[in-house]
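K.L.:
Here it is, the structure, as structure tokens.
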Amino acid sequence: MAKPKKSLTAVERRAEELDTIAAVLPIERRDELAELLTDPDVETLRHLVNQGMGDNTLRALTSDLAYLEAWGMAATGQSLPWPAPEALLLKFVAHHLWDPQHRETDPDHGMPVDVDENLRQQGFLKSVGPHAPSTVRRRLANWSTLTRWRGFDGAFASPALKSAIRLAVRAVPRTRGRKSAKAVTSDVLARLLATCATDSLRDLRDRAILMVAFASGGRRRSEIAGLRREQLTVEPPIPVENGAPLPSLAIHLGRTKTTSGEQDDVVYLTGRPVFALNAWMAAAKIENGSVFRGIGRWGTVSKRALDPQSVNAIIKQRVEMAGLEPGEFSAHGLRSGYLTEAANRGIPLPEAMEQSRHRSVQQASSYYNSATRREGQASRLLG
26 MAKPKKSLTA
36 VERRAEELDT
46 IAAVLPIERR
56 DELAELLTDP
66 DVETLRHLVN
76 QGMGDNTLRA
86 LTSDLAYLEA
96 WGMAATGQSL
106 PWPAPEALLL
116 KFVAHHLWDP
126 QHRETDPDHG
136 MPVDVDENLR
146 QQGFLKSVGP
156 HAPSTVRRRL
166 ANWSTLTRWR
176 GFDGAFASPA
186 LKSAIRLAVR
196 AVPRTRGRKS
206 AKAVTSDVLA
216 RLLATCATDS
226 LRDLRDRAIL
236 MVAFASGGRR
246 RSEIAGLRRE
256 QLTVEPPIPV
266 ENGAPLPSLA
276 IHLGRTKTTS
286 GEQDDVVYLT
296 GRPVFALNAW
306 MAAAKIENGS
316 VFRGIGRWGT
326 VSKRALDPQS
336 VNAIIKQRVE
346 MAGLEPGEFS
356 AHGLRSGYLT
366 EAANRGIPLP
376 EAMEQSRHRS
386 VQQASSYYNS
396 ATRREGQASR
406 LLG
């Protein structure tokens with residue numbers, strides 16, 4: 026006699042539903058999300074996946090939705106209402122954009138202590154102080170997007186909300202910092218690669234991650250984590266005068282943060298990065314699927330891809346092994362480092378952007394400006 030099927034709890038059911046979209050939307054902390062998100066939240070995410078929204082956009086929406094639900098529960102004792110009333114949106118701004126000096130004399134200013142502690146215990150808050158205005162605006166924008174996808178109109182365009190944000194930003198000016206305090210230029214990269222000197226699986230993998238991420242134009246950590254064998258094609262070798270031809274690979278990026286699914290962005294690897302990548306794939310016996318995977322305690326290669334956070338953690342670990350300060354570098358340092366190194370070597374900006382796939386000249390040129398201004402004549406008038 027067959028055993029009766031065990032009925033799933035609401036949390037277990039949501040966890041299974043999150044699993045169904047994990048292939049398209051890599052989700053860390055699945056069980057925690059299943060407890061935090063509501064049934065309509067999960068259904069909204071499934072709907073967005075079916076609509077073909079970009080993976081990075083979906084990942085950001087999921088992250089912000091989880092934060093908003095956690096904040097809403099901590100601040101009001103209940104899940105977010107849809108649509109959110111204007112008063113709740115104003116409360117969100119007041120909790121996240123505040124004046125640290127005013128807080129010293131008025132403990133009720135800003136995010137309440139109990140809400141702050143609740144979010145820290147769950148791992149949603151780590152830094153001290155008000156949020157960056159760009160973070161608050163992004164979360165409100167994603168909140169608005171999710172509201173529209175649920176078929177509601179929100180108060181996100183209300184004059185009161187816009188005024189509250191404008192006044193809060195003006196009262197607490199702060200400069201925007203880079204995602205990585207320091208760029209991983211070629212000299213730093215050499216020190217990181219020196220920590221990957223053996224033929225162990227971890228060293229082979231991490232060496233390939235570092236070289237591929239940098240040489241392919243400073244790929245985002247999500248692109249490295251999501252790289253699949255099927256995206257790689259062998260190209261004709263590159264001739265070298267008085268030397269052996271260099272191997273060449275093309276990486277078909279497909280849909281990225283700045284492209285649509287119809288575009289097939291391609292970047293190229295030549296020479297050492299190709300050797301490093303091939304050495305890892307041969308040792309790990311990767312013939313299809315995810316290129317960069319986890320490695321178990323006993324040296325077994327997982328079938329699952331690394332997540333973007335793991336890519337960042339690997340880079341920080343190598344930074345520490347190289348005797349550098351982990352807090353000063355992150356995965357984004359490879360992206361900024363590529364453009365900084367290109368500027369230092371006199372490579373024209375348009376040529377560097379062809380490889381980095383930056384769409385914004387203003388953003389890409391900021392790395393060039395930093396490199397050239399520091400060494401240029403304008404900074405040495407009294408030199």
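Per the working numbering, the sequence shown starts with residue 26, numbered consecutively.
From the three backbone atoms N, C-alpha and C, an ideal C-beta is built for every residue, glycine too.
Excluding five sequence neighbours on each side, which residues of the same chain lie with their C-beta closer than 6 Å to the C-beta of Val36?
P.N.:
Only Ala59, Glu60 meet the Cβ criterion.
K.L.:
Using the Cα positions of Ala219 and His134, report the straight-line distance between them to the nearest angstrom.
P.N.:
Roughly 49 Å between the two C-alpha positions.
K.L.:
Return the Cβ separation of Trp174 and Thr69 in integer angstroms, given the expectation that the two are a contact with Cβ distance under 8 Å.
P.N.:
6 Å between Cβ atoms; contact.
K.L.:
Going straight from the alpha carbon of Asn267 to that of Asp212, what length do you get?
P.N.:
So the two alpha carbons sit approximately 27 Å from each other.
K.L.:
Taking just the CA atoms, how far does Gly179 sit from Ser169?
P.N.:
For Ser169 and Gly179, the distance between alpha carbons rounds to 7 Å.
K.L.:
Use the C-beta contact count for His414: other C-beta atoms within 10 angstroms, 16 or more gives buried, fewer gives exposed.
P.N.:
The first residue shown for the chain is 26 and the last is 408, placing residue 414 beyond what the model contains.
K.L.:
Which partner residues does Ser315 have in the DSSP bridge list?
P.N.:
Paired residues: Arg253.
K.L.:
List the DSSP bridge partners of Gly279.
P.N.:
Answer is Asp290, bridged to Gly279.
K.L.:
Please work out which residues of its chain come closer than 6 Å, Cβ to Cβ, to Leu278, disregarding the five sequence neighbours upstream and downstream, and give them in chain order.
P.N.:
Excluding residues within five positions, the ones whose Cβ falls inside 6 Å are Asp290.
K.L.:
Helix, strand or coil, according to DSSP, for Lys207 in the structure here?
P.N.:
In this structure, Lys207 counts as coil in the three-state DSSP scheme.
K.L.:
The beta strand (DSSP E) spanning Val67 covers which residue range?
P.N.:
Element bounds for Val67: not the beta strand (DSSP E) but the alpha helix (DSSP H), 64–75.
K.L.:
Could you please give me the residues that DSSP links to Gly268 through a beta bridge?
P.N.:
Paired residue(s): Val265.
K.L.:
Enumerate in chain order the residues of its own chain whose CB-to-CB distance from Ala338 is below 8 Å, with the five nearest sequence positions on each side excluded.
P.N.:
Excluding sequence neighbours, Ala338 sits near nothing in its chain.
K.L.:
Measure the alpha-carbon distance for Arg398 versus Leu83 and round it to whole angstroms.
P.N.:
The pLDDT assigned to Arg398 is 48, lower than 50, so where the model puts this residue is not dependable; a value taken from the coordinates is nonetheless given after this. Looking at the two C-alpha atoms, the distance is approximately 38 Å.
K.L.:
In terms of DSSP beta bridges, what is Ser273 paired with?
P.N.:
BP columns for Ser273 point to Glu260, Thr295.
K.L.:
Hey, quick one: how far does the alpha helix (DSSP H) through Arg230 stretch, first residue to last?
P.N.:
Segment 226–240, the alpha helix (DSSP H) holding Arg230.
K.L.:
Taking the alpha carbon of Ser88 as the reference point, which residue from Val140, Leu171, Pro132 has its own alpha carbon closest?
P.N.:
Closest by alpha carbon: Leu171.
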